[in-house]
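Residue numbers (the working numbering): 2 to 336.
Even for Gly, the Cβ is constructed at its ideal location relative to N, Cα and C.
Model, not experiment: these values are computed from the prediction.
Have a look at the structure below before the remarks.
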């Protein structure tokens, strides 16, 4: 472990500034990305990245106010996450000269299988839209393998709680491990590849996952997928490898269900989720999340995750909800 990572762990145990050493690992690697040549920059409609650890809020508050006993209990998980993120960052310093970009179904199948063998649940391919790169950032390759790792229902059902927060962090560690496995495989095959960071990232992962067709974004701003509902986190691997042609997203009906459901809107403790979307005057994008309200409560309540817990897709399951929704739709059309 590098000195800066070790220093971050010491600060993590001692005070609210502990997260700074951890975030510093990511920031240094992000700066290294920006030193690469032939980058794909963010588009003129790109949005600013909104972090869960802004000064005075978010993770800083959550870690800072945690009893020493909980900090000690969390330390092994935090070490795993730090190692995972740190290893992803190291790949940014290894500049590449890929020898190939061609790929076919056999390669895509191998990637899908490898990702799932190492813990991924949903896997897809996407060409990153320049407007989905966060403002002020750039990426080395536009093609990406997007994947999700699930969070255990038993832990998330206790949210907001210490156990739910630990489960989220463990998922971040797993996301990094899957990304590293895929990156090594791609590089061994002669492709260019860089792992995404399981925390933060310079691309809107939720948008990328929706564009890859592995789910749809709900009112709560998170991906809803057919396997785990909202109980998942997302990461990706950027690559020069050719990817499959895009197909229509089969999950767009979820948006109509969300308009009928509104459970996350009703259950959100800080009332940070809206039914009427706010429109960004610059790029026209819609959002139903009040970020400041969300992140403040998030930091003061062990990462919250109430919206993840109460989402019907996380409880009843995708197939059951889709079946009932389609029956209701058919009844209305027949009436």
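Just measuring C-alpha positions, the residue of 215, 26, 91, 307 sitting nearest residue 124 is 215. Counting C-beta atoms within 10 angstroms of its own C-beta, residue 241 has 16 or more neighbours from the protein chains shown and is therefore classed as buried. By DSSP's assignment, residue 42 forms a beta bridge with 139. Pairing residue 236 with residue 296, the inter-Cα distance amounts to about 21 Å.
Note that the C-beta distance between residue 231 and residue 314 is below 7 Å.
Taking the C-beta atoms as reference points, residue 180 is found no nearer than 7 Å to residue 168. The DSSP-derived three-state label of residue 279 is strand. A Cβ-Cβ contact shorter than 7 Å links residue 203 with residue 135. Contact annotation: the segment 182-200 does not touch the segment 317-332, with fewer than three C-beta pairs closer than 8 Å. In the three-state reduction of the DSSP assignment, residue 34 falls in the helix class, which pools H, G and I.
The segment 200-261 is shown to contain whole alpha helix (DSSP H) runs of 4 or more residues at 206-212, in chain order.
Closest in alpha carbon position to residue 307, among 161, 132, 224, is 161. Residue 245 and residue 224 have their C-alpha atoms spaced approximately 21 Å apart. Per DSSP, residue 112 is not a residue of any beta strand (DSSP E); the alpha helix (DSSP H) it occupies stretches across 106-118. For residue 194, the enclosing beta strand (DSSP E) covers residues 194-196. Leaving aside the five residues that flank residue 279 on each side, the residues in its chain whose CB is nearer than 6 Å to its CB run, in chain order, 288. At the C-beta level, residue 166 and residue 304 come within 7 Å of one another. If the five residues before and after residue 108 are omitted, its C-beta is found closer than 8 Å to the C-beta atoms of 190, 242, all from its own chain and listed in chain order. When 186, 30, 213, 72 are compared, the shortest CA-CA separation from residue 143 is found for 213. The alpha-carbon separation between residue 141 and residue 328 amounts to approximately 46 Å.
Taking C-beta atoms under 8 Å as the contact rule, residue 234 and residue 110 fail to qualify, at a distance of about 24 Å.
Within the model, the alpha-carbon separation for residue 188 versus residue 48 is close to 31 Å. For residue 99, same chain residues with a beta-carbon under 7 Å away, outside a window of 5 residues either side, are 191, 192, 193, 241 in chain order.
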